Amino acid sequence: MANAKTTARLTGAAYLVLAIAGVVGFLVVRAEIFVAGDAAATYTNYIENPSLVRLGLVAMLTVALAQAVTALGFYKLFKDVSPTSAFAIAAFGIVNSVIILVGTAFGAAAHYYAVGGGVAPGGDQAATVQMLAALDGFAWSVGDLFFGLWLIPMGFAVAKSGYFHRGTILKWILVAGGVGYILTSFVSYGFADAPELLVENLTIFADVGELWIILALIVVGVREGAEEQEAAQRGATA
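Right, here's the structure in full:
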């Protein structure tokens, strides 16, 4: 039990770091730096706010690292309970981590050209910086697909393990959140005039589910008696 609690709490801590770094890097820093449709404004922001840009890059590297650590933590926590779900969580999480790293590389390249580290193709620094910064955002959006995919098996593993109070409810919230993230990717790219309000609200269940499981992992760890009960069930069916 102590080992499972430790794994759960470390996984929850990594997930919390992932969430905080994601908010800082994508929702705060990127919102301040990148101006859609205005290359000159974006270029100026990169030049005038180099420290903020570097903070954003460090935050995104932290997201990628925390995503990988969280994925491996979930694998260790659930591998004896639901091997298939545990593997799926880890696999989708690692893929999303790689996608985030690719996006961060685009962001780093944008910073490189903005501060005069190289001559942009065609000599248009502003257009090049805008394109690279946009690609950074596109990578994040594409990654929503795999972030959604990792929430679905997470929900099933949560319910099967019995590690968390009201696990069945949490399961369906996580599954609904995962489906929401997947739909976000397809709606964003499949419908040119998709209502922004619709796209934003598709991830509401994911927000609730992630907050719930982060708090459960850190505060409770593993519900008392759950691990012993699961071990007894495995022994009975062996």
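Numbering of the sequence shown is given in the numbering used here, commencing with residue 22 and proceeding in unit increments.
Every residue gets a Cβ at the ideal spot worked out from N, C-alpha and C, and that includes glycine.
The structure displayed is predicted, hence computed values, not measured ones.
Can you give the Cα-Cα distance for residue i and residue j, rounded to whole angstroms?
| i | j | result |
| --- | --- | --- |
| Leu98 | Val220 | 32 Å |
| Val50 | Met152 | 17 Å |
| Ile115 | Ala109 | 10 Å |
| Ala130 | Ile173 | 34 Å |
| Ala80 | Val38 | 10 Å |
| Gly242 | Ala25 | 8 Å |
| Ala85 | Val123 | 10 Å |
| Ala62 | Ala148 | 11 Å |
| Phe127 | Ala57 | 16 Å |
Reducing DSSP to helix, strand and coil, say where residue i ends up.
| i | result |
| --- | --- |
| Arg75 | helix |
| Leu223 | coil |
| Pro174 | helix |
| Gly242 | coil |
| Lys26 | helix |
| Asn66 | helix |
| Arg187 | coil |
| Gly114 | helix |
| Phe127 | helix |
| Val56 | coil |
| Asp101 | coil |
| Ala215 | coil |
| Asp228 | helix |
Apart from the five residues on each side of it in sequence, which residues of its chain come closer than 7 Å, Cβ to Cβ, to residue i?
| i | result |
| --- | --- |
| Thr28 | Gly94, Lys97, Leu98 |
| Leu31 | Gly94 |
| Val163 | Ile120, Ser206 |
Cutting at 8 Å between CB atoms, please list the residues of its own chain near residue i, excluding the five before and the five after it.
| i | result |
| --- | --- |
| Leu223 | Gly201, Tyr202, Leu204, Thr205, Val208 |
| Lys192 | Gly176, Phe177, Val179, Ala180 |
So residue i and residue j are in contact, right, with Cβ under 8 Å, and what is the actual spacing, rounded?
| i | j | result |
| --- | --- | --- |
| Leu195 | Gly176 | 3 Å |
| Ala107 | Ala178 | 6 Å |
| Ala160 | Thr91 | No, Ala160 and Thr91 are not in contact; Cβ-Cβ is about 19 Å, not under 8 Å. |
| Val52 | Thr83 | The residue asked about is misnamed: residue 52 is Ala in this sequence, not Val. Incorrect: roughly 18 Å between the Cβ atoms, too far for contact. |
Between residue i and the rest of its own chain, which residues show a CB-CB distance below 6 Å, the 5 nearest in sequence each way excluded?
| i | result |
| --- | --- |
| Gly198 | Leu172, Phe226, Ala227, Gly230 |
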